[in-house]
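Participant: All residue numbers for the sequence shown refer to our numbering, where the first residue is 11 and numbers rise by one.
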Amino acid sequence: KKRNPHEDEFHQAVEEVATSVMPWYLQHEPYQKAQILERMTEPDRIVIFRVSWETDDGDVRANRAWRVQFNHSLGPYKGGLRFDPSVTQSVLKFLGFEQIFKNSLTGLPMGGAKGGSNFNPKGKSDREVMRFCQSMMTELHRHIGEDVDVPAGDIGVGSREISFLFGQYMRLENRWSGVLTGKGCSFGGSAVRTEATGYGCVYFCEHVLNEHGEGLKGKAIAISGSGNVALYAAEKAMLKDAKVVTMSDSGGFIHVPEGLTEPQWEFLKDLKENRRGRISELADQFDGIQFHTDARPWGVDCDVAMPCATQNELDGDDAQTLINNGVLAVCEGANMPTTPDAAARFRNHDILHAPGKASNAGGVAVSGLEQSQNAMRISWSHEEVDERLKKIISEIHDRCVQHGKRNGRVNYIDGANIAGFQKVAEAMLAYGVV
Ligand code: NDP
């Protein structure tokens, strides 16, 4: 904490991993002697730069941007870009740190990184977003490359932003390469990438329930968020005959006690993907949907909680309410959505708790498959990518079980942290002092 003052989110992420891996680490002297844990918590480098851009009115604005290249022991740096006013160096360091272990868990050759800016895309015109993306890439292009660092999307960075960034990269480098993932399918993107994080989260959740004698069919699922991850988690849950009882955005949540219907989901998808509207419009449009302003969805009756919005969106009180209401499992679609207090309560009550680095790894896994397709200059069908995604998620679940099963129940936080950590630690030890 002395070395990284004021980086609360980063401390939180490191503490969680360190708590899980410490028993193993203390039994393996060569790793301690080589200071693997200490070295792993120091990013390889952080690039910080100014992004100047012009509004439609001709005013000049300046934002700050970062790329945190954390660890490339297992492959080129890989991780998303986030555009949101809440972005700080601490947030990006926590995300980059988590990404190392998530990417390790997928079994694909990817290192960990994260980047972004405190730029707020909300309320900006397409042309303003384009000018911002072009200006950002004018600096970022020096630090990335298909064998160096391959950014993707995250909060506030979807297909529109990735396309603007990619266009500018090609203009500057005068060559086409798979330097970004999440591209449109007509220019090198992968089938299923849009859906992958949400679908993967539901596939993982099904493994968690099956492993403990339960199934997904008929379960009530409370989802937060209505962005990329939340939308496709909801779609897949509905396809598997589960009931999606809530969704949310930063203005509040909708409660659908009987479960979201297909027409309602289609309306929401169009509202969020094409019209950048507010979720409250869903309650205006359909009967039987209640909208709760400025509230989070964790107070409703549900079997599974699936936080898919942002970090620390589910606190100790929310966790207690969920426990009192009989929740069986928490599967994180977002990164670090539960506070340490919430996580402790779930652990103390034996609630199945899948951390984002395991349950939301489907997105980066399909990004890894996009890189492979780009390198081979081929594209796989929707079915082929979906099958590969299912296999990767099933293998991540197996790794969590292998490292986290105690007395017949799986501690997914320990399982994911230990499995992810060991592989990176082995590689770092093998490289010597670098
Ligand atoms: P989007 O920008 O598509 O959607 C984010 C959603 O969360 C929106 O509904 C947004 O509401 C809501 N939200 C954001 N901040 C807050 C807040 N402070 N309080 C309440 N609601 C909030 O992002 P993604 O769906 O891509 O990402 C969601 C989470 O999943 C993040 O934690 C991300 O890191 C993680 N993730 C994403 C992956 C991906 O492939 N996209 C991969 C792995 C993890 P509003 O529109 O009102 O702001």
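Even glycine gets a Cβ: it sits at the ideal position worked out from N, Cα and C. Please read these numbers as outputs of a predicted model, since none were measured by experiment.
Which full runs of the alpha helix (DSSP H) of 4+ residues lie inside the segment 342-414, going along the chain?
Facilitator: Counting whole runs of 4 or more residues, the segment 342-414 contains the alpha helix (DSSP H) stretches 350-358, 366-369, 372-386 and 392-414.
Participant: Is there at least one non-hydrogen atom of the ligand NDP closer than 7 angstroms to the beta-carbon of T303?
Facilitator: Not so, every heavy atom of the ligand NDP lies at least 7 angstroms from the Cβ.
Participant: Assign E276 to buried or exposed, taking buried as 16 or more other Cβ atoms, counted over all protein chains shown, within 10 Å of its Cβ.
Facilitator: Exposed, because fewer than 16 other Cβ atoms sit within 10 Å of the Cβ of E276.
Participant: Check the DSSP bridge columns for D159 and list the partner residues they point to.
Facilitator: Looking at the DSSP assignment, D159 forms a beta bridge with Y87 and G155.
Participant: Looking at the structure shown, is R285 part of a helix, part of a strand, or coil, going by DSSP?
Facilitator: It is coil, neither helix nor strand.
Participant: Name the DSSP bridge partner or partners of A293?
Facilitator: Bridge partners of A293: none, in fact.
Participant: Taking the C-alpha atoms as reference points, what is the distance between Y461 and S382?
Facilitator: Nothing about residue 461 can be reported from this structure: the residues present for the chain run from 11 to 444 only.
Participant: G262 bridges to which residues according to DSSP?
Facilitator: Partner(s): D259 and T303.
Participant: To test your reading of the DSSP string, which unbroken alpha helix (DSSP H) runs of 4 or more residues are found completely within the segment 13-48?
Facilitator: Entirely contained in the segment 13-48, the alpha helix (DSSP H) runs reaching 4 residues are, in chain order, 18-36 and 39-43.
Participant: Would you decide whether Y87 is buried or exposed? Buried here means 16 or more other CB atoms lie within 10 Å of its CB.
Facilitator: Buried.
Participant: Assess contact between the segment 112-119 and the segment 52-64, defined as three or more Cβ pairs (one per stretch) separated by less than 8 angstroms. Is contact present?
Facilitator: At 8 angstroms Cβ cutoff, the stretches do not touch.
Participant: Label M197 either buried or exposed according to how many other C-beta atoms from any shown protein chain fall within 10 Å of its C-beta, with 16 as the threshold for buried.
Facilitator: Note that residue 197 is Phe in the sequence shown, not Met. F197 comes out exposed.
Participant: From the DSSP output, read off the bridge partner residues of G126.
Facilitator: DSSP lists W76 and R92 as partners of G126.
Participant: Is E48 near the ligand NDP, in the sense that its beta carbon is under 7 angstroms from a heavy atom of that ligand?
Facilitator: Answer for E48: no, Cβ out of range of the ligand NDP.
Participant: Assuming the contact rule is C-beta atoms closer than 8 angstroms, I231 and K253 should be a hit. Round their C-beta distance to whole Å, please.
Facilitator: About 7 angstroms separates the two Cβ atoms, so the contact holds.
Participant: According to DSSP, is N81 part of a helix, a strand, or is it coil?
Facilitator: Three-state DSSP puts N81 in a strand.
Participant: Taking just the CA atoms, how far does R137 sit from C410?
Facilitator: Rounded to whole angstroms, C410 to R137 spans 45 angstroms at the Cα level.
Participant: Would you kindly check if the distance between the Cβ of G85 and the Cβ of G133 is under 8 angstroms?
Facilitator: Contact flag unset, no.
Participant: Which residue marks the beginning of the beta strand (DSSP E) containing V239, and which one marks its end?
Facilitator: Taken as a continuous stretch (DSSP letters only), V239 belongs to no beta strand (DSSP E), being part of the alpha helix (DSSP H) at N238 to L249.
Participant: Would you be able to state if there are at least three C-beta pairs under 8 angstroms between the segment 20-29 and the segment 416-432?
Facilitator: With the cut-off at 8 angstroms, the segment 416-432 and the segment 20-29 touch.
Participant: Quick check: the Cα distance between A339 and P347, rounded to an integer number of angstroms?
Facilitator: So the two alpha carbons sit approximately 14 angstroms from each other.
Participant: Are the CB atoms of D311 and N345 within a distance shorter than 8 angstroms?
Facilitator: Cβ atoms of N345 and D311: not closer than 8 angstroms.
Participant: For I388, count neighbouring C-beta atoms within 10 Å of its own C-beta (all shown protein chains included) and say buried if the count is 16 or more, exposed if not.
Facilitator: It counts as exposed.
Participant: Less than 8 angstroms between the C-beta atoms of C211 and G343, yes or no?
Facilitator: Yes, they are a contact pair.
Participant: Is D325 near the ligand NDP, with its Cβ less than 7 angstroms from a heavy atom?
Facilitator: No, the ligand NDP has no heavy atom inside 7 angstroms of this Cβ.
Participant: Below 8 angstroms, can you find three or more Cβ-Cβ pairs linking the segment 356-364 to the segment 184-201?
Facilitator: Not touching, per the Cβ criterion.
Participant: Alpha carbon to alpha carbon, how far is D18 from T320?
Facilitator: Straight-line Cα distance between these residues: approximately 15 angstroms.
Participant: Heavy atom of the ligand NDP less than 7 angstroms from the Cβ of V101, yes or no?
Facilitator: Incorrect: V101 has no Cβ contact closer than 7 angstroms to the ligand NDP.
Participant: At a cut-off of 7 angstroms, is I56 close to the ligand NDP when judged by its beta-carbon and the heavy atoms of the ligand?
Facilitator: Because no heavy atom of the ligand NDP lies under 7 angstroms away, the Cβ of I56 does not count as near it: no.
Participant: Any idea what DSSP makes of L439, helix, strand or coil?
Facilitator: Helix.
Participant: Assuming W308 and D294 are in contact, meaning their beta carbons sit under 8 angstroms apart, how far apart are those beta carbons, in whole angstroms?
Facilitator: The pair is not a contact, with the Cβ atoms about 24 angstroms apart (cut-off 8 angstroms).
Participant: Determine the extent of the alpha helix (DSSP H) in which M316 is found, giving its start and end residues.
Facilitator: M316 -> not in any alpha helix (DSSP H); beta strand (DSSP E) instead, spanning V314 to P317.
Participant: Along the chain, where does the alpha helix (DSSP H) that runs through S114 open and close?
Facilitator: Q99 to T116 is the extent of the alpha helix (DSSP H) around S114.
Participant: Quick check: does the Cβ of A72 come within less than 7 angstroms of any heavy atom belonging to the ligand NDP?
Facilitator: Every heavy atom of the ligand NDP is 7 angstroms or more from the Cβ of A72, so no.
Participant: Considering only DSSP beta bridges, list what E64 is partnered with.
Facilitator: Paired residues: V70.
Participant: Quick one: Cα of S169 to Cα of P40, how far?
Facilitator: Going by the C-alpha atoms only, they are around 45 angstroms apart.
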